[in-house]
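Colleague:
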Ligand code: TXA
Ligand code: MG
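In this note's numbering, the protein residues as written are 27 to 365.
1) Taking the alpha-carbon of residue 173 as reference, which of 93, 357 and 355 has the nearest alpha-carbon?
2) Is the CB-CB distance between residue 272 and residue 340 below 8 Å?
3) Look up residue 141 in the DSSP assignment and say whether it is helix, strand or coil.
4) Residue 211 and residue 226: beta carbons closer than 8 Å?
5) Quick one: give me the first and last residue of the beta strand (DSSP E) that residue 77 is part of.
6) Report yes if the C-beta of residue 65 is less than 7 Å from at least one heavy atom of the ligand TXA; otherwise report no.
7) Taking 7 Å as the cut-off, does the CB of residue 173 come closer than this to any heavy atom belonging to the ligand MG?
8) Out of 329, 328 and 315, point me to the one whose CA is closest to residue 342's CA.
9) I'd like to know whether the C-beta atoms of residue 201 and residue 82 end up nearer to each other than 8 Å.
10) I need the straight-line Cα distance from residue 148 to residue 132, nearest angstrom please.
11) Please state the DSSP three-state secondary structure of residue 60.
12) With a threshold of 7 Å, establish whether the CB of residue 92 neighbours any heavy atom of the ligand TXA.
13) Would you say the beta carbon of residue 243 comes nearer than 7 Å to a heavy atom of the ligand TXA?
14) How would you label residue 233, buried or exposed, when you count the other beta carbons within 10 angstroms and need 16 or more for buried?
15) Suppose contacts are defined by Cβ-Cβ distances below 8 Å. Is residue 208 in contact with residue 65 by that definition?
16) Compare the Cα-Cα distances from residue 239 to each of 330, 115 and 266 and report the closest residue.
17) Between 157, 107 and 153, which lies nearest to residue 140 when the distance is taken from Cα to Cα?
18) Which two residues bound the contiguous beta strand (DSSP E) that contains residue 271?
19) Quick check on residue 190: does DSSP put it in helix, strand or coil?
20) Taking residue 202 as part of the beta strand (DSSP E), name the residues at either end of that continuous run.
21) Which residues in the same chain have their Cβ closer than 6 Å to the Cβ of residue 248, if we skip the five residues on either side of it in sequence?
22) Is residue 150 a contact residue of the ligand TXA, with contact defined as CB to any heavy atom under 7 Å?
23) Should residue 338 and residue 268 be called a contact, given that it needs their Cβ atoms to be closer than 8 Å?
24) Is the Cβ-Cβ distance between residue 215 and residue 129 less than 8 Å?
25) Classify residue 71 as helix, strand or coil using the three-state DSSP reduction.
26) What I want to know is whether the C-beta of residue 143 ends up closer than 7 Å to one or more non-hydrogen atoms of the ligand TXA.
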């Protein structure tokens, strides 16, 4: 179904009360609102309303087997959604919430509808560290189910323009607070198993988690292999339209070959040099600093897609824990399951 999508600018530091009330009313009546978080933009709906959540799956073209993260104001609201709030959950939430850590816990079946969790026995909860997201959660007084606000399998949005490009005419409202700071999605940790297991690396690192709760199973290796226990993580994901190639060096030789074949090429070397372009080549260097790189990688992929390049060549960052999350996303974006 096509309907008009409203886009409203919101101050990221002091969200305007009237705009937040308007957005909360859309959520309360079962609509869909895209909003900024500290990681990427999310596409939110009332997590307790089955029909509202069904609209999210339809708007994204997301398979019903892939469960959603439920966003909450904090520990108290999270506790209403789970069957068992463990000591580990308490310690991690105290340390990292609000922030980019998603906790998977046994679901309270009486409260959380099947559709949110893809029928599974667990629910994923996270409290976002963004004033607009938090204002919206507080104003509507409901937990908000929100996947990243992109069409299924595509690159997550870090600006309202990215959301609009993918979901215009499919959702009610976009709250535009400019680019998000984190740039890649939250860490997902399964606390419903022992030892706890990393399902998706993110901005909170395994070492930071282990400092608080001791050893976890780091099932997601830097190879980008995903555990079967996180539905939807095995497919090609986070992908630009262009073919993405990961290369060990700065890719100059491969780039020259592709240009000679008449291809339009995007190139992302690890470097602090400036952007340059010409003759079908678009060079967008990203810095050899994991946090700064993460903040910009998705917007760079979106930009190169918009330029209509056929191939994007990415110099793969070093194989160490600091780069774990970025390497995971790059491997998925390239569609390589073997790392
Ligand atoms: O940073 C983020 O996490 C963003 C912002 C909007 O909060 N959200 C996000 O949502 O990335 P989404 O739906 O694009 O990714 C959620 C991931 C999916 O891979 C999903 O399979 C996994 O979390 N997930 C959700 N619920 C789960 C559950 N109960 N058990 C295992 N994995 C789960
Ligand atoms: Mg997503």
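Glycine residues also receive a C-beta, built at the ideal position from the N, C-alpha and C atoms.
Modeller: Judging by the given coordinates:
1) 93
2) yes
3) helix
4) yes
5) That residue, residue 77, is in no beta strand (DSSP E); its alpha helix (DSSP H) goes 76-86.
6) yes
7) yes
8) 315
9) no
10) 4 Å
11) strand
12) yes
13) no
14) exposed
15) yes
16) 115
17) 107
18) 269-273
19) helix
20) 199-202
21) At residue 248 the pLDDT is 36, less than 50, meaning the model places this residue with poor confidence and gives no usable figure here.
22) yes
23) yes
24) yes
25) strand
26) yes
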